[in-house]
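*Asks:* Handing you this structure, nothing more for now.
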Amino acid sequence: MSATLRIHRGYASPQRVVVLGGRKIGQLSEEVVEFPVEPGEHVLTVRLGYSEATTRFRARPGDTVEVKVCVKPAAPEPHDGPVDLELVMHSPYKNAHEGALGRTD
0 MSATLRIHRG
10 YASPQRVVVL
20 GGRKIGQLSE
30 EVVEFPVEPG
40 EHVLTVRLGY
50 SEATTRFRAR
60 PGDTVEVKVC
70 VKPAAPEPHD
80 GPVDLELVMH
90 SPYKNAHEGA
100 LGRTD
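Residues in the sequence shown are numbered consecutively from 0, following numbering that gives the first Met the number 0.
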């Protein structure tokens with residue numbers, strides 16, 4: 000059974016590329032995009048040109064891992080500027096946040 004990665008784009012550019020484990024898996028073309036992921040540890044990167052944000056997470060079978068793309072307030076252009084990734088973990092397990100590994104900066 001796979002897990003689901005759900006990314007909420009917010010005000011970030013829809014042209015941002017989603018990279019999982021070094022492999023491009025899609026773009027933030029919609030307000031919310033979903034990708035199936037295998038259970039295990041993953042490195043997620045969202046990038047646009049030279050700007051990127053990265054986070055790590057662990058997914059278990061049946062998990063829905065939610066990530067919010069947050070535009071940094073100091074960005075000159077809200078859509079194209081630097082972003083942060085906020086990790087929210089939804090899990091069928093008792094301790095939903097136990098699987099989150101946290102951000103990497």
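Ideal Cβ positions, reconstructed from N, Cα and C, are used throughout, including at glycine.
Just so you know, these numbers come straight off a predicted model, no measurement behind them.
1) What three-state label does DSSP hand Ala11 in the structure shown?
2) Counting contacts by CB-CB distance shorter than 9 angstroms, is Gly20 in contact with chain D?
3) Have a look at Glu37 and Pro60 and give me their C-alpha separation to the nearest angstrom.
4) Can you list, in chain order, the residues of its chain with a C-beta nearer than 6 angstroms to that of Ala52? Leave out the 5 residues immediately preceding and following it.
5) With DSSP as the reference, please indicate the residues paired to Glu65 in a beta bridge.
6) Output the distance between the C-alpha atoms of Val65 and Leu4, rounded to the nearest integer angstrom.
7) On the DSSP letters alone, give me the boundaries of the beta strand (DSSP E) that Arg22 sits inside.
8) Going by other Cβ atoms of all chains shown within 10 Å of its Cβ, with 16 needed for buried, is Gln14 buried or exposed?
9) Distance, Cα to Cα, Glu30 vs Ile6?
10) Provide the residue span of the beta strand (DSSP E) that contains Gly39, from first to last.
*Replies:* According to the data block:
1) Your numbering for residue 11 matches position 12 in the sequence shown. Correct three-state label for Ala11: coil.
2) Among the protein chains of the structure shown there is no chain D, as only one such chain exists.
3) Locating residue 37 in the sequence shown gives position 38, where the first residue counts as 1. Locating residue 60 in the sequence shown gives position 61, where the first residue counts as 1. Computed Cα separation, rounded: 8 angstroms.
4) For this step, residue 52 is matched to residue 53 along the sequence shown. For Ala52, the CB contacts under 6 angstroms within the same chain, skipping 5 residues up- and downstream, are Val45, Val82, Asp83, Leu84 in chain order.
5) Working through the sequence shown from its first residue, we reach residue 65 at position 66. Arg5, Val87.
6) Along the sequence shown, one-based indexing puts residue 65 at 66. Along the sequence shown, one-based indexing puts residue 4 at 5. The question names Val, but residue 65 in the sequence shown is Glu. Spanning the two alpha carbons is a distance of roughly 6 angstroms.
7) Within the sequence shown, residue 22 is the residue found at index 23, counting from 1. Residues 22–26.
8) Sequence index remark: in the sequence shown, residue 14 carries index 15 (1-based). By the 10 Å Cβ count, Gln14 comes out exposed.
9) Taking the first residue of the sequence shown as 1, we reach residue 30 at position 31. Taking the first residue of the sequence shown as 1, we reach residue 6 at position 7. About 8 angstroms.
10) As a first step, residue 39 must be located in the sequence shown, where it is residue number 40. Here the beta strand (DSSP E) through Gly39 covers 39–47.
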